[in-house]
Amino acid sequence: MQDDHRPRKRFGQNFLRDQSVIERILEAARLDGGSRVLEIGPGLGALTDRLLESAGRVEVMEIDRDLVTRLEERRHPRLGIHQGDALLLSWDEVLREPPYTLVANLPYNISSQILFRILDCRHLFERLVLMFQKEVGERLCAAPGTGEYGILSVLCPLWFDIRRVVLVRPGAFFPPPKVDSVVLAFEALPAPRAAVADEAFFRRVVKAAFAQRRKTLRNTLKAAGFAEVDVLAALGDCAIDPQARGETLSLEQFARLSAALRP
Ligand code: SAM
């Protein structure tokens, strides 16, 4: 690691230095010479160099200009460098030859926004290997009815199989973060796990159901602008108790409910 770079907190810079974690990430990415990779936040390149050894082509998006300058000094012919905020860059323009494997030790403050972006761009990816703050990772794998279950625990499994790769302690990074982390692998499903005809509407229903966790579905859907008569009819069609809370519904139940509510 080049140690003359002072890690910038505002960019969530905690650089990986534990080689065994890097190995686990690479194993989970299952790359070969034909693979194309997107890495968000390459930083000092701890993962990037290893990705370039295994994959045919690596695109990186990095917000920090100083780090971009260092990456450019590598002059690697199979490395595409895109300076900017990964939330603002056009992924369709950068990733012109899908499918890609997305590998990232994500800045924790933007991990949920990145996940929503991934869902919007899921046509570009066959696999994702992502590092999260442990609590966020647990939410993605949470079961209905638990405190961790939330919007992304419904939306991500619709399109991906998600498994835990490795728990990562703070000492694996420089500087060490205050929290534990976890690496998750997402495999794109050949077809969505549940029938969803109108994805935007489905998201609206899921978001509404979790907007006020303590409220019943009947009230929270009403508060989101659905007419009470339609809400009660749809819940009846799906045999869901109107007094139930959104956080108790499975992905399949959300899919049926959104189909029944859809005008
Ligand atoms: N991949 C490196 C590693 O594992 O050592 C660095 C990981 S560090 C947790 C996060 C990286 O994401 C930093 O390089 C940071 O500058 C970059 N970053 C932060 N916010 C970003 C954003 N919005 N878009 C692109 N890169 C970002």
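In terms of this note's numbering, the sequence shown is residues 100 to 362.
In this text, a Cβ means the ideal position worked out from N, Cα and C, and glycines have one as well.
This structure is a prediction, so every number in the text was calculated from the model and none was measured.
Compare the Cα-Cα distances from residue i to each of the options and report the closest residue.
| i | options | result |
| --- | --- | --- |
| E225 | S211, A296, E196 | E196 |
| L70 | L137, F272, L360, D336 | Because residue 70 is not part of the residues shown, which for the chain are 100 to 362, the question remains open. |
| F272 | D103, I121, R109 | I121 |
| A299 | L360, I209, M160 | L360 |
| D206 | D336, R109, I250, A333 | It should be noted that the sequence gives Pro, not Asp, for residue 206. When only C-alpha atoms are compared, the closest one is R109. |
| A290 | A308, P274, P256 | P256 |
| S211 | T200, L186, Y199 | L186 |
| D219 | R268, S189, P275, D279 | S189 |
Return yes when the Cβ of residue j is within less than 9 Å of the Cβ of residue i, no when it is not.
| i | j | result |
| --- | --- | --- |
| L283 | C240 | yes |
| R135 | R156 | yes |
| E126 | V264 | yes |
| V305 | L254 | yes |
| R344 | L316 | yes |
| D191 | I162 | no |
| L223 | V202 | no |
| L115 | N204 | yes |
| L178 | L143 | no |
| V281 | F215 | no |
| A326 | A310 | no |
| I213 | I124 | no |
| L348 | A308 | yes |
When the Cα atoms are used, what is the spatial distance from residue i to residue j?
| i | j | result |
| --- | --- | --- |
| M100 | S153 | Annotation note: pLDDT 47 at M100 (below 50); position unreliable, no value reported. |
| P362 | Q112 | 46 Å |
| R294 | A354 | The sequence given here has Ala at residue 294, not Arg. Looking at the two C-alpha atoms, the distance is approximately 6 Å. |
| P314 | I261 | Reading the sequence as shown, one finds Lys at residue 314 and not Pro. Their Cα atoms are separated by approximately 29 Å. |
| R312 | G133 | 45 Å |
| D340 | K233 | 33 Å |
| Q182 | L194 | 14 Å |
| G244 | L331 | 21 Å |
| R164 | R149 | 22 Å |
| P275 | N208 | 15 Å |
| L356 | L334 | 7 Å |
Under a Cβ-count criterion, where at least 16 other Cβ atoms within 10 Å of its own Cβ denotes burial, should residue i be classed as buried or exposed?
| i | result |
| --- | --- |
| R74 | The shown model of the chain, from 100 to 362, leaves out residue 74, and the question about it has no answer. |
| A358 | buried |
| G236 | buried |
| T147 | buried |
| P176 | exposed |
| G246 | exposed |
| Q352 | buried |
| R238 | buried |
| R302 | buried |
| A338 | exposed |
| G249 | buried |
Segments assigned beta strand (DSSP E), at least 3 residues, entirely inside the segment 161 to 196
DSSP assignment within the segment 161 to 196 yields the following whole beta strand (DSSP E) runs of 3 residues or more, N-terminal first: 178 to 182.
Identify every run of the beta strand (DSSP E) within the segment 270 to 346, keeping only runs that are complete inside it and at least 3 residues long; order them along the chain.
Runs of the beta strand (DSSP E) inside the segment 270 to 346: 280 to 287.
Output the residue ranges of the alpha helix (DSSP H) runs that lie fully inside the segment 195 to 257 and measure 4 residues or longer, sorted by chain position.
With a minimum length of 4 residues, the continuous alpha helix (DSSP H) runs that stay inside the segment 195 to 257 are 210 to 219, 233 to 239.
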